[in-house]
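> What follows is a single structure, and I will ask about it in a moment.
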Amino acid sequence: MALLTLSATLGTLSLFYPTPAEAAPKVHTIVMNKMVFGPAPAGMRAGDVILWVNKDLFRHTATARDKSFDVDLAAGKSARTVVRKAGLISYFCRYHPGMKGQLAVAK
Amino acid sequence: MIRTTTMALTLAGLLSTGAAAQKTAGPTDPQIAHIAYTAGQIDIAASKQALAKSKNPKVRAFAQEMVRDHGAVNKQALALVGKLKVTPEANPTSAALTKQSEQKLRELGRLKGAAFDRAYVQNEVAYHKVVNGALSSTLIPSSDNRELKDLLQTGLRLFQEHQLHAEHLAQGLQGRSKRK
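First to last, the protein sequences are chains A and B. Last residue of the first sequence: number 106 in numbering that gives the first Met the number 0, and the count goes up by one each step with no gaps. Last residue of the second sequence: number 179 in numbering that gives the first Met the number 0, and the count goes up by one each step with no gaps.
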């Protein structure tokens, strides 16, 4: 009897407390330094935010090939972009074409 | 193309002559600092000329990047030599680079429009190739101080990107003039 009540209670918990899939958007930080983008963050989902931080001496951009974002950061500056779609998004620096990265975004 | 070879041979020749005159192979840190700083100042001057003459937005954006990036490296270089209490030492290599660059500025100064744009960008490709070659074959291996070596390596990575950017730009300019 007690066990039934417990599982019923626990069953209703998910109505009041969101599961991880419905949690608030996460902020993922990507650092630009020494002419490279830092490692691509794991566990990115559509709707998440990327905080781009330029710790390098030089001005860089983070420009998505699908044009979904384009931030231009002087040395020391940072900015945020929202990742709206799931999929693989390649990006690069417009000033330094060899500087590249790729985001893997889940739904 | 002849000019590129001349520049490359001059630089290589001067750097190795310097080496033969000293007990240790290659230029000293004060000489390296002077060469690297001079190389940056030369590109800034060339790009300021481009900003004064070019109306092409992609060429202008590239020139602005050169002024910004070389300015940032040189600012860092000045801070480093200040901190290390090293006085950059004038030398035949820097002098030759400067002399060649003045010649190139005069030559480019006579051009305008698309002809200037093409010549400027082609020279940027050639110049970055030569400087990158000198950095990787001589300046970086010869440098003694760890922080100087580090900065030169950052410079090399940066200038390799500049070379790539210039090559893309050169291809774009070529296409436009020949096909359209």
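We put the beta carbon where it would ideally sit given N, CA and C, even for glycine.
For Gly75/A, count the other beta carbons within 10 Å of its own beta carbon; 16 or more makes it buried, fewer makes it exposed. Which is it?
Around the C-beta of Gly75/A, fewer than 16 other C-beta atoms lie within 10 Å, and the residue is accordingly described as exposed.
> In chain B, which residues lie with their C-beta within 7 Å of the C-beta of Arg64/A?
Residues of chain B passing the Cβ test: none, with the nearest at roughly 15 Å.
> Classify Arg145/B: buried if its beta carbon has 16 or more other beta carbons within 10 angstroms, exposed otherwise.
exposed
> Would you list, in chain order, the members of the stretch 69-94 of chain A that have their beta-carbon closer than 9 Å to a beta-carbon of chain B?
The stretch 69-94 of chain A vs chain B, Cβ under 9 Å: Ala73, Ala74, Cys92, Arg93, Tyr94.
> Would you report the Cα separation of Lys57/B and Asp116/B, rounded to the nearest angstrom?
10 Å
> Out of Gln162/B, Arg67/B, Asp149/B, point me to the one whose CA is closest to Tyr126/B's CA.
Gln162/B
> Under 8 Å, do Tyr90/A and Arg58/A count as touching if we go by C-beta distance?
no
> Have a look at Phe61/B, Glu160/B, Gly171/B, Thr137/B and flag the residue whose alpha-carbon is nearest the alpha-carbon of Thr27/B.
Selection Phe61/B, Glu160/B, Gly171/B, Thr137/B evaluated against Thr27/B yields Thr137/B as nearest (Cα-Cα).
> Using beta-carbon positions only, say whether Asn32/A and Asp69/A come within less than 8 Å of one another.
no
> Using a threshold of 8 Å, state whether the C-beta atoms of Trp51/A and Ala73/A are closer than that.
The answer is no: Cβ separation not under 8 Å.
> Using the C-alpha atoms, what's the distance from Ser135/B back to Ile1/B?
Because the pLDDT of Ile1/B is 45, which lies under 50, any placement of that residue in the model is unreliable, and the question is left without a value.
> Would you call Leu77/B buried or exposed, if buried means 16 or more other Cβ atoms sit within 10 Å of its Cβ?
Exposed, because fewer than 16 other Cβ atoms sit within 10 Å of the Cβ of Leu77/B.
> Mind checking which residues open and close the beta strand (DSSP E) that includes Val80/B?
Note, Val80/B: premise wrong, no beta strand (DSSP E); alpha helix (DSSP H) at 56-83.
> If the criterion is Cβ atoms closer than 8 Å, does the pair Leu102/A and Val82/A meet it?
yes
> In this structure, does DSSP put Phe36/A in helix, strand or coil?
strand
> What does Asp68/B reach in chain A if we use C-beta pairs closer than 9 Å?
Within 9 Å Cβ-Cβ: Leu56, Phe57, Arg58, Tyr94, His95.
> Mind listing the chain B neighbours of Lys25/A? Cutoff is C-beta to C-beta under 8 Å, in chain order.
Within chain B, no residue has its CB atom less than 8 Å from the CB of Lys25/A, the nearest being about 31 Å off.
> Which word fits Gly169/B, buried or exposed, when buried means at least 16 other C-beta atoms lie within 10 angstroms of its C-beta?
The sequence given here has Ala at residue 169/B, not Gly. Buried, because 16 or more other Cβ atoms sit within 10 Å of the Cβ of Ala169/B.
> Kindly indicate the opening and closing residues of the beta strand (DSSP E) around Thr37/B.
Not the beta strand (DSSP E): Thr37/B falls in the alpha helix (DSSP H), residues 28-52.
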